[in-house]
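Working notes for the structure below.
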Amino acid sequence: MDRLRIGIVGCGDVAYRHYLPALRSVAERVRIVAAADPREGAAARLASAVADWSPGTAAFHDLDEMLGSAELDGVFNLTPAPRHGAANLAILQAGVGCYSEKPLASSVVEADGLIALAEERAIPFLVAPGSAVSRRIRWLRDLTASGRLGAPTLVVAHHADPGPADWDEYTGDPTPFY
């Protein structure tokens, strides 16, 4: 099986702490072929960091340049939160599958447009956290859709935490989250 060709946009600490170790653990199935970041040298540093298991990673200063130059099966959008919507739009418009850090956009209208574009073009589009596509959540979706328990009349969800300002490992600016 050929390995999936992955691009990463946003080469900051989130990439190094979470995504690169996870991608390395499945290196027999994926390779990072491109990285983009507008900060001088950031993409090149990421390319060097993965060279032992994903040699030949091209470094780009600009997402559009990466999308136009590299053959990609998917892109991980790890840019700062205020840039997610624009980056996700560019990735989807290029016809490339996208996994984005949260939030997927800056407004509900923008998010709805991204979702519609992905559906219209049948492009995989996922947004962190990935637990929404886990086996147990898919099982609940299938159980609900089967009608076996009747029609849902009430759904309750709860999620509460103090946000990134309280995360020990978060080193970015939490302002966009509040």
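Per the numbering used here: the sequence shown = residues 75 to 252.
Just so you know, even glycine gets a beta-carbon here, dropped at the ideal spot from N, CA and C.
Straight-line Cα distance separating Ala116 from Val107: The residue you call residue 107 lines up with position 33 of the sequence shown. The residue you call residue 116 lines up with position 42 of the sequence shown. Straight-line Cα distance between these residues: approximately 15 Å.
Unbroken stretches of the beta strand (DSSP E), 3 residues or longer, contained in the stretch 112 to 197: 132 to 134, 148 to 151, 171 to 174
Inter-residue Cα distance where the pair is Arg212 and Pro198: The residue labelled residue 212 in the question sits at position 138 within the sequence shown. The residue labelled residue 198 in the question sits at position 124 within the sequence shown. Rounded to whole angstroms, Arg212 to Pro198 spans 16 Å at the Cα level.
Those residues which DSSP pairs with Ile211 across a bridge: Sequence index remark: in the sequence shown, residue 211 carries index 137 (1-based). Its beta-bridge partners do not exist; DSSP assigns none.
Cβ-based neighbour list, Tyr93, same chain, cut-off 8 Å, excluding 5 preceding and 5 following: Numbered from its first residue, the sequence shown carries residue 93 at position 19. So the list reads Ile82, Phe150, Leu152, once near-sequence residues are dropped.
Distance between Ala190 and Val183 (C-alpha atoms, nearest Å): Counting from 1 along the sequence shown, the entry for residue 183 is found at position 109. Counting from 1 along the sequence shown, the entry for residue 190 is found at position 116. Spanning the two alpha carbons is a distance of roughly 11 Å.
When Glu175, Arg222, Ala132 are compared against Arg105, the one with the closest alpha-carbon: Start at 1 with the first residue of the sequence shown, and residue 105 comes out as number 31. When each option's Cα is compared against that of Arg105, the closest is Ala132.
Secondary structure of Leu200, DSSP reduced to three states: The residue you call residue 200 lines up with position 126 of the sequence shown. It is a strand residue.
Secondary structure of Ala101, DSSP reduced to three states: Against the sequence shown, residue 101 aligns to sequence position 27. The answer is coil: DSSP assigns Ala101 none of H, G, I, E or B.
Distance between Cys85 and Ala96 (C-alpha atoms, nearest Å): Taking the sequence shown and counting its residues from 1, one reaches residue 96 at position 22. Taking the sequence shown and counting its residues from 1, one reaches residue 85 at position 11. For Ala96 and Cys85, the distance between alpha carbons rounds to 15 Å.
Buried/exposed call for Leu120, threshold 16 Cβ in 10 Å: The residue you call residue 120 lines up with position 46 of the sequence shown. Burial call: buried.
Chain-order list of residues whose beta-carbon lies under 7 Å from that of Leu228 (same chain, five-residue window excluded): In the sequence shown, the residue the question calls residue 228 occupies position 154. Correct list: empty, nothing qualifies.
Residues that Arg222 bridges to, as DSSP identifies them: Taking the sequence shown and counting its residues from 1, the one referred to as residue 222 is at position 148. Paired residue(s): none; Arg222 is not in a bridge.
Those residues which DSSP pairs with Leu94 across a bridge: By one-based count along the sequence shown, residue 94 stands at place 20. Note: Leu94 sits in no beta bridge, so no partner.
Same chain only: Cβ atoms within 8 Å of Glu263, ignoring 5 sequence neighbours per side: Within the shown structure, residues of the chain are numbered from 75 to 252, placing residue 263 beyond reach of any answer.
Short Cβ contact (8 Å threshold) for Pro156 with Asp136: Your numbering for residue 156 matches position 82 in the sequence shown. Your numbering for residue 136 matches position 62 in the sequence shown. No; because the gap between Cβ atoms is not below 8 Å, this pair is not in contact.
Under 8 Å between C-beta atoms of Gly148 and Ile80: Position 74 of the sequence shown, counted from the first residue, corresponds to residue 148. Position 6 of the sequence shown, counted from the first residue, corresponds to residue 80. For Gly148 and Ile80, yes; Cβs fall inside 8 Å.
Sub-8 Å separation of Leu27 and Arg98 beta-carbons: Shown here, the chain extends from 75 to 252; a query on residue 27 therefore has no answer.
Boundaries (first-last residue) of the beta strand (DSSP E) holding Leu78: For the purposes of this step, residue 78 is taken as residue 4 along the sequence shown, with counting starting at 1. Residues 78 to 83.
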